[in-house]
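I have placed the structure first, in the form of C-alpha cells, so that the comments after it can refer back to it.
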C-alpha cells in the first residue's frame, strides 16, 4: 500500500469515526432521522408535498387534510419526536418562520387571521411523531371552532 492509499484509508476511518460520534450525540440528544417518518420523507424529497416555504432548518407545506384552505404544517428538517425535543435556539427560529407563514397567508387572502396549533402526544391528537406546528388561516364566520 503506497502513501496515498494509506492516507485515504486514514481519512475514511476518521470519517466513519466522526459519523459514529455524531450519531451517538444525536441519540443522546433524542435527535435522529427516522427513515419511516412521513415528514422526514417529505423533507428528503421522497414523498411529494405542496411546499410553500423553506428556511435553513424548517420546511412548510400544505396539510393533506386541511381544516381550511391554506392550512400549513411547519416541520424541522431534523427529526424531533415533538416540539418538546426542539432546542430553544431552533424554537426561536421556528417562531419567526411561523410569523412569516401566517402573514403570507393573510397577504394571499386565505384569511384575516390565523391559528397556531400544536399537538404533543397521542392523547392530544398528535398523529405523526415528528415535531410540527399547524398554521391555520381563519376568516370571520368560517365555521371552525376556536382552538383555545
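Numbering (my numbering), first residue to last: 346 to 493.
Where a beta carbon is used, it is the ideal one built from N, C-alpha and C, also for glycine.
Please read all numbers here as calculations on a predicted model, not as lab measurements.
Reference residue i; option with closest CA among the options
i           : options               : result
residue 471 : 443, 426 and 483      : 426
residue 386 : 490, 421 and 460      : 421
residue 401 : 393, 410, 388 and 407 : 388
residue 440 : 351, 462 and 347      : 462
residue 489 : 412, 435, 423 and 474 : 412
residue 477 : 449, 450, 382 and 454 : 382
residue 391 : 350, 380 and 347      : 380
Reduced DSSP category for residue i - H, G, I as helix; E, B as strand; rest coil
i           : result
residue 349 : helix
residue 466 : coil
residue 357 : helix
residue 405 : strand
residue 415 : coil
residue 447 : helix
residue 455 : coil
residue 471 : coil
Per-residue burial, residue i [other beta carbons within 10 Å of its own, 16 or more giving buried]
i           : result
residue 486 : exposed
residue 354 : exposed
residue 444 : exposed
residue 375 : The predicted position of residue 375 is uncertain, since its pLDDT is 49 and thus under 50; a value taken from the coordinates is nonetheless stated next. So residue 375 counts as exposed.
residue 455 : buried
Beta-carbon proximity of residue i to residue j, cut-off 7 Å
i           : j           : result
residue 384 : residue 394 : no
residue 480 : residue 458 : no
residue 430 : residue 403 : no
Cross-strand partners of residue i (DSSP beta bridge)
i           : result
residue 483 : 458
residue 398 : 405
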